[in-house]
Structure formats: C-alpha cells, structure tokens
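Mapping to the working numbering: the sequence shown position 158 is 200, numbers consecutive.
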Amino acid sequence: MGASNRLEGKAPWWVDLLKVGAAGATIALIALLVVVLDGPRAEVQPAQADIWDVFLSQSNKHENFMRALQKEGMSAPREYDYNGNRVYFSHATTSESPREVLERFQRAFVREGVNKMAHHTVREPVPVGDTHDGETFMQAMAGADELFSGGLIPVENTRNYMAMVGAETKKGAADWKEAIVEMQGGAKTPEDTVRALRYVDAWREEGSLKTTITAVWSDQALDLAKFRNHAPGSVHPFEYKVPVCTGCTRVSRISGTEGEAGTHAILYRSPNSINATLGFYEREMSRYGWKLEPVMRGLAAMQRERSAPYEVSQVRSYSGDGHTLTLIVYRDSYDGQTYVSMQSAL
C-alpha cells in the first residue's frame, strides 16, 4: 500500500489531471485483499495449468502483458470477482531484489510490446499548482504515455519495495494527449475513461533473501463505477448472507470463482467505535444463521469484562451453512476510522 500513500501524500499530477493514479491505488488493494485472504500458493492448481493458453491466443497490449508475466515465471492466473469486475492474480518468488525485478520486468514489457521504452526510476510528481504554464505542464506529462496506453511505469522503487501501474482507456489512447482528448470529449472520471488496469509489485522483508512478486490486472471491460457502494452489478449473493453494520459502507468485496467460488473477503467502513460495531455483530450474526465458534466465547466474555484488550482490534470466528467466517473489527492507524473485515471460505 506504499504506492497509495505516495499518491495521496504528494498529490501527483496523474491523480489530479486524469484521476488514473487513484485507480492504480484501487487495484493495489486487490493484491492486498488476495494476499490477506489466501496468500500466494506454492503450486499451481491442475485446473489452471493451461489457462495461459486461453489468454494468449491474441496479440494486443492485454495479451502481451500476460505473455510477459508467463515468460518471466509468474504463476498461472487466478480469477476473482472484485465488486462485479473480473480481475486476475499471479505471483512468484525470486532471489532478486525488488529493484532487480523492476529492471527485468521493464525489459520484458519492452520485448513483448507492452512498453515503448523501459522505465527504471519513479518520476517525481510536479505539483499541480506549478503546471499552469504550458512548458511546465509538458514537462510534467513527458514520459507518461505508458501510463495511459497500456504500459507500466514505476510508482515506487526502494531497496525493499517496488510497484508499477498502468492503464488503458476505453478508446485506446496511444499517449497522454489522446487520453486528455478523450476526457475532454465528455469523460470526467475514471469510470468514464478507464477500461483496464495493471499492477505489479515486489517486496522483501529486511534481511530476507527472498522477494515476492505479485501481479493484479483486470480484463478489458473494467467498470470502475462498480466500486461505488452497492452499485448495480457489484453485489455478490454472499453479501446477503451477512449483516451490514449500522451506518457502514462497503469498501470492497472480492470473491473467488470456479474452484474458489466459496471464498469471499468483504471490507466495510464503520462510522462507529470498535465496541459499538462489534456489539452490532454479536447481536446480529445469529439472526443470519452464524454460530460463534466455542473457542471464541471465553475470549468474548473476557473482553466484555475488560480482562482482555478491547481497544485496538477484535476478532470473532463463526460457522454456518458450510462456511467458516472470520470477523475482524479494527481501527486503521492511518485514517483513524473503524473497519470491518470479513473473510469466509467453504
């Protein structure tokens, strides 16, 4: 999530001018949710072994991106339903540093026709207030074509972490100028402009000799409007099987498909305290058919009696209708708000 913090903290030009950076931060959340939910698998499932062949039957930026991932040793894609959108997740591990991974993948993107040129450093954002004159504006936009035409450019590049983001517009803009023309033609938001997003990052723990690479990308029919709370087509039937806390709004929902169809992760933002939000679920989960796991009952009693910590986060485990569900209510240290995380699997 370092990339999203960078975008928010420095208000880079691609957020303020074309709003694509915010979309990049959104797709970064997909990788986080998948990792939290299930984690990278050591082996590819047999049913997924030939999925690359299905994807790579054509030749365009979309297929070229996936071809580059395959040739660079990434695992077969796993498909997820993310707020009604189809997204894919792949991973790999390597002894290379994150910076070496960035260099290797940039070469691969050029080789496979994803990027026009290799990008090795993060372009420092030019403050929007400094781009009123034409010359400064052109300097700010120079080299940004890849971001808008299906390529990937670095948004983070440190010793232990790197991230690359790219997007395609609905009309297939070839550069930033065409992207601006497309927006001026009536598109004002990412919902109107973006049809595909791609995100690749790599990280390693300090002192570790192993780097984890993850890639998350959408199909070419991405509908960012579905990231709005309960937008048409964004709600999964499983969401009706769990209560929504009072005043809460859904941040995201990701569900597995096919062999992982019983896997779900839902994130809500609550306007209430941890105690009040948890109290809601302790009252309502049974009404939806969920039973508190016996091992959790003693902990819940201790916390109500204040003999166990209660202020930072709360965890509850439930079972029902063949599913197990982990409920986590916590306060985010970044924005100070209360969140509810639900992770369920068959």
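Idealized CB from N, CA, C, for every residue including glycine.
Every value quoted in this text rests on a predicted model; they were computed, and no experiment measured them.
Check, Outcome
"For the alpha helix (DSSP H) that A110 lies in, which residues bound it at each end?", "103-113"
"Have a look at Y372 and L194 and give me their C-alpha separation to the nearest angstrom.", "34 Å"
"With 16 as the cutoff for other CB atoms within 10 Å, does H306 come out buried or exposed?", "buried"
"Using the Cα positions of A84 and T136, report the straight-line distance between them to the nearest angstrom.", "Note that A84 scores 34 on pLDDT, short of 50, meaning its location in the model is unreliable and no value can be drawn from it."
"If we count Cβ pairs, one from each stretch, closer than 8 Å, do we get three or more for the segment 199-218 versus the segment 234-247?", "yes"
"Could you spell out where the beta strand (DSSP E) holding P140 opens and where it closes?", "Looking at the DSSP string, P140 is not in any beta strand (DSSP E); the run it does join, the alpha helix (DSSP H), is 140-153."
"Report the three-state DSSP secondary structure of D374 (helix, strand or coil).", "coil"
"Out of curiosity, what's the CA-to-CA distance linking A267 and T366?", "30 Å"
"Just to check my reading of the structure: N314 and G289 have Cβ atoms closer than 8 Å, yes? What is that Cβ distance to the nearest angstrom?", "6 Å"
"Under 8 Å: do the segment 268-280 and the segment 115-126 share three or more Cβ pairs, one atom per stretch?", "yes"
"Could you give the distance in angstroms between the alpha-carbon of A257 and the alpha-carbon of G192?", "15 Å"
"Per the contact definition of three or more C-beta pairs closer than 8 Å, is the segment 315-322 in contact with the segment 330-339?", "no"
"Who are the near neighbours of G115 in its chain, counting only those whose CB is closer than 7 Å to its CB and skipping five residues on each side?", "A134"
"Compare the Cα-Cα distances from A263 to each of A118, Y130, L111 and report the closest residue.", "Y130"
"For E300, is the classification buried or exposed, using 16 other Cβ atoms within 10 angstroms of its Cβ as the cut-off for buried?", "exposed"
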